[in-house]
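*Asks:* Handing you a structure now.
2 protein chains.
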Amino acid sequence: MLGPGDDAALVGAPDGRVVVSTDLLLEGRHFRRDWSGGYDVGRKAAAQNLADVAAMGATPTAIVVGLGVPADLPLSWLDELTDGFADECATVGASVAGGDVTRCDLVVIGVTAMGDLAGRAPVLRSGARPGQVVAVAGRLGYAAAGWALLEAGVPVETPLLAEAVAGHRRPSPPYAMGPLAAELGASAMLDVSDGLLQDLGHVAEAGGVGVELDPREFAVAEPVAAAAKELGADPLEWVLTGGEDHALAAVFPADVRLPPEWQVVGRVVEGEGVMVYGREIGRRGWDHFR
Amino acid sequence: MLGPGDDAALVGAPDGRVVVSTDLLLEGRHFRRDWSGGYDVGRKAAAQNLADVAAMGATPTAIVVGLGVPADLPLSWLDELTDGFADECATVGASVAGGDVTRCDLVVIGVTAMGDLAGRAPVLRSGARPGQVVAVAGRLGYAAAGWALLEAGVPVETPLLAEAVAGHRRPSPPYAMGPLAAELGASAMLDVSDGLLQDLGHVAEAGGVGVELDPREFAVAEPVAAAAKELGADPLEWVLTGGEDHALAAVFPADVRLPPEWQVVGRVVEGEGVMVYGREIGRRGWDHFR
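Chains as they are written, first to last, in my numbering: chain F, 1 to 290; chain G, 291 to 580.
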């Protein structure tokens with residue numbers, strides 16, 4: 001409604017409430033300038049917050065951005081970054097409403113995303129009940145596979161490997177699936193930012209329930225499988241523990257009829273924690289489970 | 291409406307729009323841990339964004355915070371910081387709705403503040419018209435005086451000097467004066483974050499007008515005068531060019547009746563730029579003006 005240039009921006013909030021998510025992305029920790037260009041970093045920074053908004057069942061409306069910028073940062077990199085913000089927002093009908101720039105020794109990106117629930121209740125992490133089903137929409141394992149390829153310094157010479165690397169540089173969250181899940185009666189939802197097992201652990205804990213996954217139900221995407229073959233790695237580890245793809249994981253009533261974007265991967269049970277093949281993963285995680 | 295702990299927060303936006311402001315504060319640039327404790331930094335970080343919201347004529351409702359935290363930061367400092375956020379918000383009836391914490395080599399604080407206009411139009415920087423009056427609410431020069439005392443390493447032994455130093459550590463923006471100015475018909479408003487001359491320069495430019503100040507109309511506050519005397523400095527320089535006090539500067543119709551919190555300091559004229567004693571300050575600033 002009112003963009004950059006004044007003390008503050010003005011953003012529509014049609015239903016009288018606004019969903020708000022904020023994150024900091026730091027050079028060296030969340031991205032590397034030698035691995036990702038400004039455009040991809042901008043898309044990724046926006047995507048990660050827009051996905052948080054979608055995971056509440058809301059449609060993203062706008063972001064505001066705080067930037068810390070080193071004196072020697074090329075202006076072209078900054079232009080690409082802001083193009084990345086704008087383009088990622090455009091994929092979901094949102095806009096860049098404002099921002100703030102300050103000098104800093106490293107690139108710091110603070111993104112705050114807002115969204116509208118259109119009168120619906122927000123879908124929290126805490127609503128899972130025994131007997132319900134767990135489903136996932138969006139990519140799993142791409143970002144982890146791409147990161148592993150980059151770290152190994154493997155030449156990326158096939159389209160499938162390139163797709164995995166692109167998945168690391170720029171996630172593709174299934175934004176529209178958030179509001180749709182809310183419409184379909186999702187009782188709990190979050191975006192997969194730390195890895196499916198860890199994030200479903202939050203759903204289990206918040207709901208006072210257990211979650212049972214059967215990885216045999218998972219379709220491992222071709223780029224992830226190809227990267228695993230290239231590196232002699234276990235693709236299922238990336239699918240279950242890789243973060244940063246910003247898929248959505250949600251819990252639905254057992255009789256829900258889901259569109260094909262949602263893949264049922266498990267169920268909610270009495271108890272606690274996340275079980276895979278009927279065994280609890282536990283605190284030591286996937287590495288110690290196999 | 292829904293606080294920290296989920297993917298996103300939910301904040302009320304009663305009038306169907308939300309005013310949003312975001313800023314990054316960086317250790318070493320915006321604060322020093324040896325000069326300011328966590329509590330003061332938290333209050334200052336919140337204040338600077340809440341003041342931006344008030345400067346649109348809105349009442350602040352909530353903040354969300356992104357934190358970058360070094361591994362060796364004492365937990366007590368972080369507790370004090372979050373207490374500072376909460377207490378500053380409480381002074382204006384707002385709340386801390388959510389946040390995000392990540393590791394970083396320096397303390398990085400990204401604050402996003404939101405506010406409600408209660409049906410009013412936002413007061414932009416651009417509405418000043420010739421013949422209107424310029425007024426200021428809140429402190430001017432405290433933060434600059436306090437910073438100068440700290441930098442000079444002068445022993446702070448009198449209540450007045452201590453008040454100036456406290457003004458550097460923790461601003462006291464006149465939040466309620468923002469919505470009140472909007473009710474009183476303010477045509478332009480901003481918060482004084484870079485110094486009165488520079489910020490009124492933004493008002494002049496955005497409105498296509500000139501601003502004429504007569505510093506003889508300024509009441510220099512006692513703590514500012516005391517610090518100037520202690521350091522042999524010009525208190526008017528701090529009043530006119532000191533930032534970070536987050537006073538509000540607004541333009542009103544000439545016949546406005548202002549409450550005593552607002553001090554008329556000048557008028558809007560045809561032309562451009564900011565004039566002091568009838569002479570234009572110009573690009574070289576106050577140092578070259580005297």
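A virtual CB, placed ideally from N, CA and C, is assigned to each residue, including glycine.
Given the structure is predicted, the values throughout are model-derived calculations rather than measurements.
Does the beta carbon of F:VAL11 come closer than 8 Å to any beta carbon on chain G?
*Replies:* yes
*Asks:* In whole angstroms, what is the alpha-carbon distance linking F:LEU231 and F:LEU149?
*Replies:* C-alpha separation (whole angstroms): 8 Å.
*Asks:* Could you name the residues of chain F that G:PRO463 contacts, counting a contact when the two beta carbons are closer than 7 Å?
*Replies:* The contact set of G:PRO463 on chain F, defined by CB atoms closer than 7 Å, is empty, because the minimum CB distance reaches about 12 Å.
*Asks:* Under a three-way DSSP split, which group does G:MET467 fall into?
*Replies:* helix
*Asks:* Can you list, in chain order, the residues of its chain whose CB lies under 6 Å from that of F:LEU160, leaving out five sequence neighbours each side?
*Replies:* These residues qualify, in order along the chain: GLU222, PRO223, ALA226.
*Asks:* Out of curiosity, what's the CA-to-CA distance linking F:ASP87 and F:ALA51?
*Replies:* 15 Å
*Asks:* Around the C-beta of G:LEU256, are 16 or more other C-beta atoms found within 10 angstroms, so that it is buried, or is it exposed?
*Replies:* Shown here, chain G extends from 291 to 580; a query on residue 256 of chain G therefore has no answer.
*Asks:* Need the endpoints of the beta strand (DSSP E) that F:TRP262 sits in, please.
*Replies:* 262-269
*Asks:* Along the segment 26-38 of chain F, where does the CB come closer than 8 Å to a CB of chain G? Name the residues.
*Replies:* Residues passing the 8 Å Cβ filter: LEU26, ARG29, HIS30.
*Asks:* If we define contact as Cβ-Cβ less than 8 Å, is G:MET565 a contact residue for chain F?
*Replies:* no
*Asks:* Between the segment 479-498 of chain G and chain F, which residues of the former have a C-beta closer than 9 Å to a C-beta of the latter?
*Replies:* MET479, LEU480, ASP481, SER483, ALA496
*Asks:* Compare the C-beta of G:ARG419 with all C-beta atoms of chain F and state if any pair is closer than 8 Å.
*Replies:* no
*Asks:* Please tell me whether F:ASP40 and F:ARG139 are closer than 8 Å, where the distance is taken between their beta carbons.
*Replies:* no
*Asks:* Between F:GLU205, F:LEU213, F:GLN263, F:GLY167, which has its C-alpha nearest F:LYS44's C-alpha?
*Replies:* Taking only the C-alpha atoms, the option nearest F:LYS44 is F:GLY167.
*Asks:* Is the beta carbon of G:ALA537 closer than 8 Å to that of G:ALA425?
*Replies:* no
*Asks:* Does the segment 28-36 of chain F touch the segment 121-128 of chain F, meaning 3 or more C-beta pairs lie closer than 8 Å?
*Replies:* no
*Asks:* Label F:ALA118 either buried or exposed according to how many other C-beta atoms from any shown protein chain fall within 10 Å of its C-beta, with 16 as the threshold for buried.
*Replies:* exposed
*Asks:* Is the CB of F:PRO4 under 8 Å away from at least one CB in chain G?
*Replies:* no
*Asks:* With DSSP as the reference, identify every bridge partner of F:SER126, one or two as the case may be.
*Replies:* Bridge partners of F:SER126: none, in fact.
*Asks:* Counting only runs that start and end within the segment 103-176 of chain F, where is the alpha helix (DSSP H) found for 4 or more residues in a row?
*Replies:* Listed in chain order, they are 142-152, 159-169.
*Asks:* Suppose contacts are defined by Cβ-Cβ distances below 8 Å. Is G:VAL423 in contact with G:VAL493 by that definition?
*Replies:* no
*Asks:* Examine the Cβ distances between the segment 380-391 of chain G and the segment 298-307 of chain G and report whether three or more of them are shorter than 8 Å.
*Replies:* yes
*Asks:* Do F:ASP116 and F:ASP23 have their CB atoms nearer than 8 Å?
*Replies:* no
*Asks:* Pull the bridge partners of F:ALA186 from the DSSP assignment, please.
*Replies:* In DSSP, F:ALA186 forms no bridge with anything.
*Asks:* Residues of chain G with CB under 8 Å from F:SER95, in chain order?
*Replies:* Neighbours of F:SER95 on chain G: none; closest Cβ ~12 Å, over 8 Å.
*Asks:* Under three-state DSSP, which class holds F:LEU73?
*Replies:* coil
*Asks:* Any residues in the segment 501-520 of chain G with a beta carbon nearer than 9 Å to a beta carbon of chain F? Which ones, in chain order?
*Replies:* none
*Asks:* Grouping DSSP H, G and I as helix and E and B as strand, with all else coil, what is G:GLY383?
*Replies:* coil
*Asks:* Span of the beta strand (DSSP E) holding F:GLU212?
*Replies:* 210-213
*Asks:* Residues in its own chain within less than 7 Å of G:SER326 by CB, not counting five upstream and five downstream?
*Replies:* ARG459
*Asks:* Within a Cβ cutoff of 7 Å, which residues of the same chain sit near G:VAL446, ignoring the five residues on either side of it in sequence?
*Replies:* Within the same chain, and ignoring the five residues on either side of G:VAL446 in sequence, the residues whose Cβ sits closer than 7 Å to its Cβ are LEU439, ALA452, VAL455.
*Asks:* Closer than 8 Å, Cβ to any Cβ of chain F: which residues of the segment 529-549 of chain G, in chain order?
*Replies:* none
*Asks:* What's the gap between the Cα of F:PHE218 and the Cα of G:SER311?
*Replies:* 42 Å
*Asks:* Using the C-alpha atoms, what's the distance from G:PRO463 back to G:TYR432?
*Replies:* 12 Å
*Asks:* Please confirm if F:GLY119 has its CB atom under 8 Å from at least one CB of chain G.
*Replies:* Chain G contact via Cβ: absent.
*Asks:* Could you tell me which whole alpha helix (DSSP H) segments of length 4 or greater appear in the segment 25-68 of chain F?
*Replies:* 38-54
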